[in-house]
Amino acid sequence: MRTFLVDLHIHSLLSPCAEVEMTPHHIVMRAAEFGIDAIAITDHNASANVEAALRAGERYGVKVFPGMEVECMEEAHIVVLFDCLTQLQAWQSIVDARMNGLKNNAEKFGAQFVVDDDDNFIREEERLLLAPLQMTAAEVVRQVEALGGMSIAAHVDRPAYSIVGQLGFIEPDFGFTAAELSTVGWRNNLQSRLQRLTGFLPYVTNSDAHNILDFVQGPKNLITVQELTLSELKLALKSSGGRLWQAGKFAKFED
């Protein structure tokens, strides 16, 4: 068994709400610098910067889980993770078919940039990413699971863009692997208060970073597993076979 510090909800500059400094290379470089062993790039309804992050991860020795933050029909956010790029690409095809077809207004919402692993500009994404898909939350979870992925109910303590905020609660058999608490929710000790509403799912904490400072300073997870795979993460969330998942952990850094 080995112990790793992981952050599974990070936005690159492909997300219109993220700062331009959030290139895949810069994120991975900072992860290596601050001892963050594994990350996931999870842009809004998009994954075009994940391949660059994977390449940068190989360079710096940082594990990168391919991922996405999906906005379902109920206007709630779901973090979905996969083991490999091929699975994510199959998921992206499903997402593309369920998008609303609107174009992004960069002045209003922010630009959406695709870059390579050396920060070179490739293109600007013209589709509006900050919009719900024509897929219910149940459909998202079911289809992600069918592709071998896992789904996390994002920032369940927030009134907006969360499953709890939109639906009021999470059914125990909904299919989520975990529920994510935001930085504020964790620091305000909302775990017990939300336990029943989240169907007694295990909690995770991620930075949900849109800039580098929030990435470095935001909450993470300390996990003990045999290897960094989704199957091992799922076992750690169940505390199975000596595996362990400790939410609310932080990277060491100097001001």
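Residues 52 to 306 in this note's numbering are what the sequence shown lists, from first letter to last. C-beta atoms are modelled at their ideal positions from N, C-alpha and C, and glycine is treated no differently. None of these values were measured; they are calculated from a predicted model.
The beta-bridge partner set that DSSP reports for Tyr254 consists of Ala230.
Distance from the CA of Arg238 to the CA of Asp265, rounded to the nearest whole angstrom, comes to 15 Å. Counting along the chain, Arg53 sits inside the beta strand (DSSP E) bounded by residues 53-61.
No Cβ-Cβ contact shorter than 8 Å links Val101 with Leu59.
The C-beta of Gly293 has fewer than 16 other C-beta atoms within 10 Å across all chains shown, which makes the residue exposed. Taking 8 Å as the cut-off, the Cβ atoms of Val276 and Ala260 do not count as close.
In the DSSP assignment, Leu132 falls within the unbroken beta strand (DSSP E) covering 128-132. If you look at Ser202, you'll find it in the beta strand (DSSP E) that goes 201-204. Beta-bridge analysis with DSSP links Trp296 to Ile274.
Less than 8 Å divides the Cβ of Val115 from the Cβ of Ala104.
Taking the CA atoms as reference points, Ile274 sits about 35 Å from Gly161. Residue state for Glu102 is assigned as helix, using DSSP reduced to three classes. Under DSSP, His95 takes part in a beta bridge, and its partners are Glu120. Annotation for Ile78: the continuous alpha helix (DSSP H) segment containing it runs 75-84. Under the Cβ criterion (8 Å, minimum of three pairs), the segment 175-190 counts as touching the segment 147-161.
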